[in-house]
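Notes to accompany the following structure.
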Amino acid sequence: MKKEDIKELYYITHIDNLVSVLKNGILCHEKSKKTQHKSVANTEVQERRAKVVIPGGKKLHCYANLYFNARNPMMRAIVDNEKHKELAVVQVDSSVLDVDGVIISDHNASADYVCFYSVKSGLAKLKNDQIFARYWTDTNPFVQFEKKSAICAEVLIPNCVPKNFIAGVYVSCDESLRKAKSLLTDSLCTDKIFINSDLFFQ
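Quick note on my numbering: the sequence shown kicks off at -19 and runs consecutively.
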């Protein structure tokens, strides 16, 4: 993958968190615990992530995590039963890759076989056809497992993503659009909130 292939990065969150995100930026897990927010994370997954230490000694939970592709297995797992209406995907400008200390993971950051890299080295390891794939199913279960993890490769930003890198917000439907606009009237130009139903598997 080349840097110019990345138009934007993505953060999946509960729509009610948008006001905080636009005010404080995207906080790492450790910092977000100290604020009032609604988590969309799987508890078991977070317990696993809590044990991960990035090379250099910093815990994974001390990084804000972004995806190259928000249409991924995590999104798929939480959109059922109309929950897509509760979600928002924050668009983050790709220039955040230039922030000091950014780490790239070549798979889901809590995968047993994940590797962590600097931005330049990490991007060189990523395959566009895996990261930007629309589907990750395969007749071979081992290949499917690899695809499922690779599409969840992450960009890890130390501590937080400053709010000046936030470019806009995606939601899944008209109902969510109305809610996001009402929440963000004072925080973000409403013309930067978009419906992208495909991103939410709708």
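We put the CB at the ideal spot given by N, CA and C, even for glycine.
Nothing here was measured: the structure is a model prediction, and the numbers come from that model.
Own chain residues within Cβ distance below 6 Å of residue i, not counting five before or after
i	result
D109	none
C95	D86
V88	Contrary to the premise, residue 88 reads as Asn rather than Val in this sequence. Only S129 and C132 meet the Cβ criterion.
V59	F180 and F181
L90	It should be pointed out that residue 90 corresponds to Ser in this sequence rather than to Leu. Around S90: R28, R29 and V32.
K172	G148
Proximity below 9 Å, CB of residue i to CB of residue j
i	j	result
A44	V141	yes
K143	G5	yes
V76	F181	no
I137	L46	yes
L67	V123	no
T117	K127	yes
V69	Y(-10)	yes
V(-8)	A50	The sequence given here places Ile at residue -8; Val does not occur at that position. Yes.
Cβ neighbours of residue i in the same chain (closer than 8 Å, five flanking residues each side left out)
i	result
E(-12)	Q71, V72, D73, S74 and A147
K107	M(-19) and A130
I84	F96, Y97, S98, V99, S101, G102, L103, K105, L106, A133, E134, V135 and L136
R56	F181
D154	I175
Residue i beta carbon near the ligand ZN (any heavy atom closer than 8 Å)
i	result
V69	This structure lacks the ligand ZN, and indeed carries no ligand of any kind.
Same chain only: Cβ atoms within 7 Å of residue i, ignoring 5 sequence neighbours per side
i	result
C8	H41, C42, Y43, A44, N139 and C140
N52	I131 and C132
K159	I(-5)
Beta strand (DSSP E) segment containing residue i, residue limits
i	result
V135	E134 to P138
L179	That residue, L179, is in no beta strand (DSSP E); it is neither H nor E in DSSP.
E(-12)	E(-12) to H(-6)
For residue i, the first and last residue of its enclosing alpha helix (DSSP H)
i	result
G102	V99 to K105
D73	That residue, D73, is in no alpha helix (DSSP H); its beta strand (DSSP E) goes L67 to D73.
E155	D154 to L163
F122	P121 to A130
V(-1)	L(-2) to N4
S12	H9 to S12
D109	N108 to I111
is_contact[residue i, chain D] using C-beta, thresh 9 Å
i	result
R56	Protein chain content of the structure displayed is limited to a single chain, and chain D is not contained in it.
Check whether the segment 7 to 27 touches the segment -17 to -3, taking contact to mean three or more Cβ pairs, one atom from each stretch, closer than 8 Å.
yes
Is the segment 21 to 34 touching the segment 118 to 132 in the sense that three or more CB pairs, one from each, lie closer than 8 Å?
no
Of all the beta strand (DSSP E) runs that stay within the bounds of the segment 23 to 87, which reach a length of 3 or more residues?
43 to 47, 67 to 73 and 83 to 85
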